[in-house]
Every structure is written in structure tokens, then in C-alpha cells.
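Novice: In the numbering used here, the protein residues as written are 4 to 471.
Glycine included, C-beta positions come from ideal geometry on N, C-alpha and C.
Here you go, one structure.
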């Protein structure tokens with residue numbers, strides 16, 4: 004009995020100790036619950052994580068909650084009397100007898116679109132650099148100035164200019180070219196349907212060169228009427244991409260979108276990384292890195308962030324406060340969610356504000372077989388499928404699948420990134436699909452199946468390369 008009593012007292016003591024410890028844990032947990040929950044949300048769900056750095060947040064936010072406007076810095080700039088751009092062809096492009104018209108890069112004369120290369124010819128002749136290749140319609144032209152003031156290398160852009168949209172584009176280009184010195188490195192190419200060649204009309208007074216350089220009100224208010232919108236023409240996004248890319252005369256090319264703004268000193272820092280890799284690899288560098296491309300993570304920030312992040316620490320600060328997310332986080336989970344995302348986010352080395360480094364090397368295989376990375380490559384990569392339209396969506400998937408079949412490796416870059424023009428896209432903000440849009444989706448699906456059959460026959464099937 005005495006032994007049993009001792010055992011009971013022992014367990015009572017143990018239980019009291021355990022109970023006391025449990026109370027302490029619960030008490031401490033209650034104290035830190037709010038902060039812990041915030042941290043977890045920041046990591047897994049991208050909810051705000053209070054870090055106390057309100058000063059930096061203030062520096063990046065608009066005081067009056069004014070939505071981002073591209074080229075806002077132009078408000079304080081006055082135009083000069085001379086153009087920074089080389090209008091190589093002038094208004095000869097509107098001449099019925101104009102002969103410098105070429106077919107599209109992939110489909111050639113079998114395609115429905117024609118090209119006038121180098122309507123404006125950039126002056127940057129350096130070859131060992133990167134060309135930023137993009138495309139636009141008149142409504143988005145002012146996004147170009149946000150790119151050229153950050154990008155250190157040449158810029159090659161395609162403008163979709165059916166009929167009188169060519170005149171609108173020329174008017175806007177003349178306006179910008181009198182204001183932005185960095186436009187001297189830009190080459191512009193015109194893309195148009197064969198049935199709607201460039202047509203000349205006089206510049207509308209609201210678009211012509213003003214006393215100031217800021218974006219015309221008709222663009223700010225999104226009331227510009229274009230021939231493309233009036234006639235409901237589809238946007239040949241892959242023709243435009245191919246035209247901008249094949250026009251580049253540099254070792255490397257970055258095919259991107261006009262609303263994606265690069266991080267600071269991306270070109271020089273990338274080339275420094277390549278030089279370091281070359282020094283380590285020796286004479287076999289080109290052979291070793293054959294069929295390698297270099298992926299730039301893409302992010303989007305809130306609409307009222309007027310100063311777009313230039314370096315990684317600025318981007319991460321916004322990300323931790325739920326003011327930045329990876330691109331299309333809320334509308335297309337797989338499109339830009341790149342391998343190693345959380346590792347990239349939580350790798351906060353000071354050196355990454357001043358350099359570009361490889362994070363990891365991956366293939367575009369399951370579960371990332373629907374990933375659509377934006378990358379620095381060369382003109383040796385497959386062209387984009389020109390049958391696919393922007394309206395039909397998933398317009399880069401066939402190129403990605405072909406690169407998988409060819410065994411391409413994707414190097415995720417750290418310290419370099421792209422940021423979409425402010426405004427986080429959400430499903431609630433996306434217009435419902437119309438019958439017309441659905442028709443384009445079905446058409447792209449039909450083309451996609453046909454293209455996949457052809458590239459599989461050409462390169463051979465691979466089990467790892469999933470068909471979407």
C-alpha cells in the first residue's frame with residue numbers, strides 16, 4: 004500500500020508539472036499567436052506580415068492613392084525640337100508603292116500578316132548584350148518609356164498597326180521621341196494584316212507633340228479609339244513576338260511583354276554572371292551551356308505602388324506585406340509559379356541587390372508542365388507559333404513543349420526579376436468570356452493539337468513532356 008501511495012504521489016506531481024508546462028505553452032502561444040499567424044500567412048498565403056518598415060512602404064506608395072500611370076515622370080520634362088529616334092522610313096510607309104514589306108518570320112507568305120522592319124532604327128550596335136524584345140498596340144505605347152529608362156541594352160518592339168492605327172502610332176512615337184533620350188536605342192517594327200496595310204491620317208490634336216511630354220488624356224482615360232478595336236481584329240501576339248526577336252542583333256534576347264518592367268542593371272549584372280560562368284567552364288563554355296535559358300521571375304504589385312521595385316530587397320519588402328505577389332497568382336496558379344519560388348523569396352542575401360546569380364537548374368516537366376516562363380535566351384530557340392492568337396490564350400505553350408522535347412534546361416535567376424505595371428489581377432476583375440472569345444479559345448485548342456503533333460513527329464515523343 005505504501006508503495007502504491009508513493010506511485011500515486013509521483014504521478015500527481017508529474018501531472019502537475021505537465022499541466023503547468025501546458026499552461027505556460029498556451030499562455031506564450033496566446034502572446035505570440037497574432038505574430039505567428041501573420042508570419043504563416045505571409046509565407047503560405049501572402050497575407051500581410053507586419054515588419055515595422057513603414058518608411059519603406061511609404062516611399063513606394065502613392066500618397067493620394069492615385070493609380071499607376073506609365074511615364075508619370077514625363078510631367079516634369081519638356082520636349083526638345085529634335086527627335087532622339089531615327090525614323091528611317093518617315094512617312095514613306097504610307098505610300099502605295101512602298102516595297103519594304105516582308106512576310107512573318109514563321110509562316111512566311113502563307114501567313115495573314117506582313118511586316119515593315121525598322122520603321123525606327125535604334126543606334127545601339129553592341130552585339131555582346133541583351134535585346135529587350137516586346138510588342139504593343141497604341142494604347143500601351145507609353146509603357147515603353149518605363150522599360151527604356153531601366154534597360155541598358157537595345158530594345159526591339161513590334162507595333163500592331165492595322166490601317167489607321169499606324170498613323171496613331173506614328174503620332175505617339177513622335178511625341179515620345181522628342182522627350183525621352185533613351186528612345187535612341189529603340190527599334191520599332193510594324194505588323195499589320197495583309198488586307199489592312201498602314202493608312203495615313205493627320206495626327207489628332209490630342210496626340211500630336213504638345214508643350215509637355217506626359218501621356219495624352221485620351222490614353223490616361225482609356226478612351227483612345229483604334230481601328231483594331233472598331234473592327235474587332237484579333238491580336239497576332241506570336242507574330243509580334245517573333246518579329247521583335249528575329250530583328251535583334253545581339254547575343255542574347257529577352258522576349259517579354261510591354262507591361263513588364265526589368266529590375267535595375269539587369270543587363271550588366273547578367274553579363275557579369277555569364278562571364279563568371281565562362282571563366283569557370285573554360286573553352287567548353289558554349290558547348291556546356293547549349294540549350295540553357297535563364298528565367299526571370301515575374302511579380303505584380305498593387306495599383307497604388309508608384310515606384311516600381313528596382314532591387315530584390317524592395318520587392319521582398321512589398322511581398323511580405325502582401326503588396327506584391329508572383330505574377331497571375333490569383334488568376335492562373337501554374338502560369339508563372341516557378342520552381343523554387345519559396346526558396347527565392349526567403350533567400351535574402353544583401354549581395355542579391357547588386358548581382359545576378361543562378362538559383363537552380365530545372366526542366367519544364369511535370370508538375371511544371373504548364374509553366375510559361377519568361378527567359379533570356381538566344382535566337383536559336385524555337386519561334387512562337389504564329390497561328391495562335393492572344394485572344395485564344397496559352398499562346399506560348401507550344402514553344403514550351405517543343406523546348407521540353409529538345410531537352411532545354413531552365414536556370415532560375417536570383418537577384419533579377421520583372422514587375423508587371425502596378426495592378427494585381429484577380430478573377431473578379433476579369434471580364435466573363437464572350438461567345439467570340441470562346442470561339443478563339445476553341446480555335447487555339449485546335450491549332451495547339453495540330454502543332455503538338457507536328458513537333459512531336461519532328462523531335463520524337465518524351466514521356467516527361469506532358470501534353471496539356
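Of the choices 301, 278, 305, whose alpha-carbon is the least far from that of residue 1?
Specialist: Limits of the chain in this structure are 4 at one end and 471 at the other, which puts residue 1 out of reach.
Novice: Taking the straight line between their C-alpha atoms, what separation do you get for residue 238 and residue 362?
Specialist: C-alpha separation (whole angstroms): 35 Å.
Novice: Would you be able to state if there are at least three C-beta pairs under 8 Å between the segment 400-417 and the segment 346-363?
Specialist: The segment 346-363 is in contact with the segment 400-417.
Novice: Are the segment 241-256 and the segment 128-137 touching by the rule of at least three beta carbon pairs closer than 8 Å?
Specialist: A contact exists between the segment 241-256 and the segment 128-137.
Novice: Would you mind giving the Cβ-Cβ distance between residue 319 and residue 348, rounded to the nearest angstrom? I have them listed as a contact below 8 Å.
Specialist: At roughly 7 Å, the Cβ-Cβ gap stays under 8 Å, so residue 319 and residue 348 are in contact.
Novice: For residue 456, is the classification buried or exposed, using 16 other Cβ atoms within 10 angstroms of its Cβ as the cut-off for buried?
Specialist: That one is exposed.
Novice: Could you tell me the distance, in whole angstroms, from the CA atom of residue 243 to the CA atom of residue 402?
Specialist: When rounded, the distance between both Cα atoms is 15 Å.
Novice: With residue 3 as the anchor, note down where its alpha helix (DSSP H) starts and where it stops.
Specialist: Shown here, the chain extends from 4 to 471; a query on residue 3 therefore has no answer.
Novice: For the 8 Å Cβ check, are there 3 or more pairs between the segment 350-357 and the segment 309-317?
Specialist: Touching, yes, given that three or more Cβ pairs across the two stretches are closer than 8 Å.
Novice: Taking Cβ positions, are residue 389 and residue 114 nearer each other than 7 Å?
Specialist: Yes, these two residues count as a Cβ contact at 7 Å.
Novice: Less than 8 Å between C-beta atoms, sequence neighbours within five positions excluded: which residues of the same chain meet that for residue 247?
Specialist: Only 136, 137, 138, 159, 160, 161, 192, 258 meet the Cβ criterion.
Novice: Could you please give the first and the last residue of the uninterrupted alpha helix (DSSP H) stretch that includes residue 233?
Specialist: Here the alpha helix (DSSP H) through residue 233 covers 230-234.
Novice: According to the Cβ coordinates, are residue 266 and residue 420 closer than 7 Å?
Specialist: The answer is yes: Cβ separation under 7 Å.
Novice: Tell whether a beta-carbon distance below 7 Å holds between residue 218 and residue 88.
Specialist: No.
Novice: In this structure, how does DSSP classify residue 493 when only helix, strand and coil are distinguished?
Specialist: No answer is possible for residue 493: it lies beyond the span of the chain, which begins at 4 and ends at 471.
Novice: Just to confirm my understanding: we take residue 183, look at its own chain, exclude 5 residues before and 5 after, and list those with CB closer than 6 Å. What are they?
Specialist: 148, listed in sequence order.
Novice: If distances are taken between C-alpha atoms only, which option among 391, 157, 173 comes closest to residue 90?
Specialist: Taking only the C-alpha atoms, the option nearest residue 90 is 173.
Novice: What's the C-alpha gap between residue 54 and residue 276?
Specialist: Bear in mind that a pLDDT of 35 at residue 54, under 50, signals an unreliable position, so the model cannot answer this.
Novice: Closer than 7 Å by C-beta to residue 378: which residues in its own chain qualify, once you throw out the five before and the five after it? Chain order, please.
Specialist: Around residue 378: 296, 297, 298, 299, 413.
Novice: List the residues that DSSP assigns as beta-bridge partners of residue 196.
Specialist: Answer by DSSP bridge pairing, in chain order: 116.
Novice: How far does the alpha helix (DSSP H) with residue 172 in it reach, from first residue to last?
Specialist: From DSSP, the alpha helix (DSSP H) with residue 172 extends over 168-180.
Novice: In the DSSP assignment, find the unbroken alpha helix (DSSP H) run with residue 319 in it and report its ends.
Specialist: Run containing residue 319: 315-323, per the alpha helix (DSSP H) assignment.
Novice: Between which two residues does the beta strand (DSSP E) containing residue 284 stretch?
Specialist: Run containing residue 284: none in the beta strand (DSSP E); it sits in the alpha helix (DSSP H), 269-284.
Novice: Is the distance from the Cβ of residue 74 to the Cβ of residue 145 below 7 Å?
Specialist: Yes, they are a contact pair.
Novice: Measure from the alpha carbon of residue 129 to the alpha carbon of each residue in 141, 151, 157, 150, then state which is nearest.
Specialist: For the residues 141, 151, 157, 150, the minimum Cα distance to residue 129 belongs to 157.
Novice: Taking the alpha-carbon positions, what's the residue 194 to residue 270 distance?
Specialist: Spanning the two alpha carbons is a distance of roughly 27 Å.
Novice: Could you check how far apart the C-beta atoms of residue 107 and residue 123 are, in whole angstroms? I think they sit under 8 Å.
Specialist: Contact doesn't hold; Cβ gap of about 19 Å is too wide.
Novice: For residue 178, is the classification buried or exposed, using 16 other Cβ atoms within 10 angstroms of its Cβ as the cut-off for buried?
Specialist: With 16 or more other Cβ atoms within 10 Å, it is buried.
Novice: Return the chain-ordered list of same chain residues with a C-beta closer than 6 Å to the C-beta of residue 2, the five sequence neighbours on each side being excluded.
Specialist: Within the shown structure, residues of the chain are numbered from 4 to 471, placing residue 2 beyond reach of any answer.
Novice: Should residue 210 be labelled buried (16 or more other beta-carbon atoms within 10 Å of its own) or exposed?
Specialist: Result: buried.
Novice: How would you write the range of the beta strand (DSSP E) that residue 421 sits in, first residue to last?
Specialist: Here the beta strand (DSSP E) through residue 421 covers 421-423.
Novice: Which one of 407, 380, 261 has the shortest CA to CA distance from residue 373?
Specialist: With distances taken between Cα atoms, residue 373 lies closest to 407.
Novice: Can you tell me which of 376, 163, 223, 263 puts its alpha carbon nearest to the alpha carbon of residue 240?
Specialist: Selected option, being the one with the closest Cα: 163.
Novice: What did DSSP end up calling residue 45 once you bin it into helix, strand or coil?
Specialist: Unreliable positioning characterises residue 45 in this predicted model, as indicated by a pLDDT of 33, which lies under 50. The coordinate reading is nonetheless provided below. Helix, per DSSP.
Novice: Excluding sequence positions up to five away, which residues of its chain have a Cβ less than 8 Å from the Cβ of residue 467?
Specialist: If we look at residue 467 and ignore the five residues flanking it on each side, its Cβ neighbours are 366, 368, 369, 407.
Novice: Going by beta carbon distance, what residues of the same chain come within less than 6 Å of residue 458, once the five residues before and after it are set aside?
Specialist: So the qualifying residues of the chain are 405.
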